Every structure is written in structure tokens, then in C-alpha cells.
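Structure first, commentary second.
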Amino acid sequence: MTNLRRPLGDYVQLLLRHNLLAGRGPVPVDLTAPVALVSCDSQVVIPRTLFVCKGAKFKADYLRQAMEGGAFVYVSEVPYPDIPLPCLHVTDIRQAMGLLADQFYGHPSGKLHITGLTGTKGKTTTAYYIKSIVDAWLAARGHRESALLSTIVTDDGVERKPAKLTTPEPLDLQRHLSNAVSAGADWLTMEVSSQALKYGRVIGVDLACAVFLNIGEDHISPIEHPDLADYLQSKLLIFRQAGTACINMDCDHADEVAQAAARCGRVLTFSQKNPAAAVYGSQVRKEGDKIAFHVRTPRYEGELAISTPGLFNVENALAAAAVAECYDIPFEAVQEGLVRAFVPGRMEHYGSADGQISVIVDYSHNGMSLQNALRSVRSEYPDRQLTVLFGCTGGKGIDRREGMGNAAGEWAHRIILTEDDPGPEEVEDICADIGAFLRRWGKAYTVIPNRERAVEAAILGASRPAVVLLAGKGCETAQKRKNGPEPCLPDGVLAQHALEKYDREQAQ
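For my numbering, count along the sequence shown from 1 and bump the result up by 56.
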């Protein structure tokens, strides 16, 4: 932790400068008192904590617990007169928390080279590609590896653990950035979700480079984004805090993206369709177990390859190459980083001993990503029966049922529906919704609610030669059910178990 124990007055002045204080009267507390901690968790409080009351479900009991733990002043949109603590009454708790977090940790992003990525699909894969490239470059210079904040893992140089959110809440995020500074991990790649941008989680974070991958119909619901326009505008906010923008000329709404990116000091474009792009990819082809392509940038021209299956991943590789261009990373480091990059749960490949069954595990969890995955698999395995297994989340993202159903209906030969974080809903009800869209394509489907049994059926019941796409969960190790998250085996492990059973049967 690199905070300087600033006096409370510094935090009050910060809120005043941003016109966030609801009243302009004097604050009934010693403004010279040092703040030892800024926290929004009543269980993480020490003496002289500045406590932030946030969340629609916040209860006065949480504040009372924080006071008992040592909080001496609180920040809230709603004062709690029954609790004898001074209140910094603010008009926007999200903005206030972002600013307070950044100040408490000493604006760590100003000491880092941060690449932020947003997009409907491909954020995680691109983040791993970028990290691999940067790490190859840093290793050649004798520097420690970079930090990563992704959907899969949080690795800030001090803490390494599975991620809870694509983009952490402000106090957690700023702590991770501070950890990266203290660990000497001067380069950091992070995924930036639309929700994080819309609700101010990344306030105060300086991005050396902001990457816009794509935009599609997803996260449209009463608890996320009301419509595509809100979703797009939320994502475009990333350019407000970036020095350089890397944008995909091939994405939907490319003109709006380019217009928003123009506020950055520098804009780098990437494309597979437009040779005028700064980073242009062409001649995409499959070479053995790799996907190769030609690339041309302002600094070099040559051949690159990725080891991750999926022709659509060339788009993600071009985005990573554009980021490398932003940082003047040599071509050799780009080559090495891309070919050795491994992305857990993203287009992982497993095969049977006799080569008759190929299984691909991918996180595809919306219509746009599943369509791209299925189209690519059909292209790479044209002579095999294509089975897809997937489900949809319960309680949110209802539009995914149509998008994923249509993708499967168009591209798959055999379809198995199962659970994928059903939450408050019944798996069978979710599958019935998906089935309504599959029937429009005249496609039959099988419902197997238990994912473990469904994976085994998908693999062992396939007509050989077969390719099986297990979509939606990737490397996740929990199913979100009615009573909360429950442990589960990741799809890759389930695939291996089923293939081992198949291999044993064939050997007999």
C-alpha cells in the first residue's frame, strides 16, 4: 500500500472540487485527522477509516458495524442520523468512491503503463495476447513480467487469485494498481467492462492505451443496459482517459468508435478488410495446429502465428499487434508472444487418442461469440459432425437465448442444452426458451440439465469423426445456482474425463 495517510481535509477538498458534496456547510469533524483507510466493506475497517456507504442494498447496520471497527466519518448519498458519526453527504456515491480510492492509493495508474480493453467478445484472449507479447519484450530486457487484471485471473504482482469481476470495484482496483507499482510490475493489461465504464469503477485510472475490439447485442437487460445505444456509449467512455486508442475498423458502428477515439492524442487502427489500417492482417490460413497470417504495420511487415484455435482470433491478435505498435515493441517479441500465448478456457483443444474426436472448450457465452466460434470450427473441421453444448445464464442477459439459439441453429449439426449459471431460474425453462429459436431452424436438440453428464453425452454420443464445442463456462469452477455458487469441474477437465473413457473403450 502506497497511500500517504492524507488528512481528511484533502478528501473533503477533492469532493468539493468535483461538486459532489450535497451541502456547503462546515463538516463537523477534525479535517487535520489522518485517514488510515478508505473502505466500503464493514468487515474491513481499522481505526480512522473513512467509510463509503455504497450499493442499493446497503443497510444502516453495516455503517454501525464499521463505526464499531474504527470508522470515524462516512460518505453517503443518504445520511443516517441515528448513527453518531459525521457524514460527508454526496450526490453521486459511485463517482465519489472512484475519486476517493484513486487519491487514497496515490494515483497509482500515473506510475504504470496500462492497456485497457473493451469489447463484446475477445477481451480476455486479447489481454492474454498482449501480456504474452509484453512479457516476451520485458524478459529480453531483464525486467519482471507484467500484471494482468482479467475475467479469469487477478495478478497484480502481489496478489494472484481467480477474478470475481471483469473489472474490480474502485477500491479493489486501485489497490491492485498500487500493488503493481510496489511490485515493480510497471506494465499492466486490464479488461474494462461496459458496466465498469458506465458506473465509474475506472474513474481516475490513466490508460496509456485503450483498445476497442467490437460491439454486439449483449448485456441488454433491465439490470445491465436498457438498449444497444446505452451499451455502446458506455464502452466509448474508455477513450476519455486514454493517451492512445487502438480501434477495429471492421467492427459494427466503426464510425462512431472512430469519432469517440479522436479525443485521444494518437489513434491506431487495425483491420483484416481495409489495407489502409495502420495494422493490416491478410493471408489468414491454418498451418498444422497454428493459424498463420501476414501483417503490415508502420514499422514492419512479416508473418505471425497464433497457437489458439479459431480463425476469429486473428482479430484479437491484430489488436495485440496494434498495442505493441503503440509501445514500439519489436517484431520479434510480437512473434514470440503471440505464438506462445495460452488463454485458459478460450478455444482450448483436446483430442481422442485415435484422432476421431476433437473437443474445443470456449467461453462463448453470447450470440456473437458463439456464432464466431461455430463458424470458425466448421471452417477448420469441414468434414466432421459438429456438436455444440451450451446453456444461458438465468436472471439476466435474456437476449442471449435468442442469439445463442440462432447461432447453434445455423451452424451446428447436433445440439445439447444444459446448465450455465441458471441462478434463480430452472435449467429446463431456460433451455425451453433457447429451444424456441432452434425450432425456427428446424433443429432438434437434447436437454441434459446436469452439465457433467451433458458433456459426457456430447462427446461419447457424437458420430465420428466429430468435433465438439463446449461453450459458455470455459475454465470456470463454479455454477451459480439458486442458493449461490456451487463448485464444479471446468469444461476442460470434463472433456478429458470423457475422452479418457472413450480411449479406454476403444482400446478394449
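Where is the CB? At the ideal position from N, CA and C, for every residue including glycine. Keep in mind it's a predicted model, so treat the numbers as computed, not measured.
Closest in alpha carbon position to residue 539, among 193, 558, 478, 485, is 478. Judged by DSSP in its simplified three-state form, residue 326 adopts strand. Contact between residue 476 and residue 449 holds, since their C-beta atoms are separated by about 6 Å, short of 8 Å. With contacts defined by Cβ atoms closer than 8 Å, residue 394 and residue 376 form a contacting pair. When the beta-carbon positions are compared, residue 170 and residue 221 stay at least 8 Å from each other. Check the Cα spacing between residue 343 and each of 417, 436, 306: the tightest is with 436. In this structure, residue 406 sits away from residue 528, with a CB-CB distance that is not shorter than 8 Å. The C-beta separation of residue 153 from residue 227 comes to about 7 Å, placing the pair in contact by the 8 Å criterion. With respect to residue 423, residue 460 sits close: the two C-beta atoms are nearer than 8 Å. In the assembly as shown, residue 72 is an exposed residue. Its beta-carbon has fewer than 16 other beta-carbons within 10 Å.
Within its own chain, the residues whose Cβ lies closer than 7 Å to the Cβ of residue 121, once the five positions on either side in sequence are excluded, are 98, listed in chain order.
Classified as buried, residue 546 has 16 or more neighbouring CB atoms from the shown chains inside 10 Å of its CB. In the DSSP annotation of this structure, the continuous segment of the beta strand (DSSP E) that includes residue 442 starts and ends at 441-446.
In the structure shown, the three-state DSSP call for residue 424 is helix. Ranked by how close their Cα comes to the Cα of residue 530, the residues 472, 544, 522, 519 have 544 in first place. For the pair of segments examined, the stretch 478-489 was found not to touch the stretch 511-527: the number of CB pairs separated by less than 8 Å stays below three.
At a Cβ-Cβ threshold of 8 Å, residue 432 and residue 368 count as neighbours. Exclusion of the five residues before and after residue 409 leaves 559 as the residues of its chain whose Cβ lies within less than 6 Å of its Cβ. The three-state secondary structure of residue 541, taken from DSSP, is strand. Judged by DSSP in its simplified three-state form, residue 199 adopts coil rather than helix or strand. In the three-state scheme derived from DSSP, where H, G and I count as helix and E and B as strand, residue 491 is classed as helix. It is roughly 10 Å from the alpha-carbon of residue 230 to the alpha-carbon of residue 236. Boundaries of the beta strand (DSSP E) around residue 349: 346-352. Residue 330 sits away from residue 371, with the two beta carbons spaced by 8 Å or more. Annotated three-state conformation of residue 98 is coil, per DSSP. Where residue 244 is concerned, the enclosing beta strand (DSSP E) starts and stops at 243-247. Residue environment analysis places residue 268 among the buried positions, since at least 16 neighbouring C-beta atoms fall within 10 angstroms of its C-beta. When the Cα atoms are used, residue 119 and residue 96 turn out to be separated by approximately 9 Å. Secondary structure of residue 319 (DSSP, three-state): coil. Taking a 10 Å sphere around the C-beta of residue 207, we find 16 or more other C-beta atoms and assign the residue as buried. Assigned with DSSP and collapsed to three states, residue 360 falls in strand.
In terms of CA proximity to residue 218, 400 leads the group 438, 464, 400, 563. For residue 256, the CB contacts under 6 Å within the same chain, skipping 5 residues up- and downstream, are 150, 151, 154 in chain order.
Residue pairing by DSSP places residue 88 opposite no residue, since no beta bridge is assigned to it. Within the DSSP secondary-structure output, residue 216 pairs in a beta bridge with 211. With respect to residue 200, residue 264 sits apart: the two C-beta atoms are not nearer than 8 Å.
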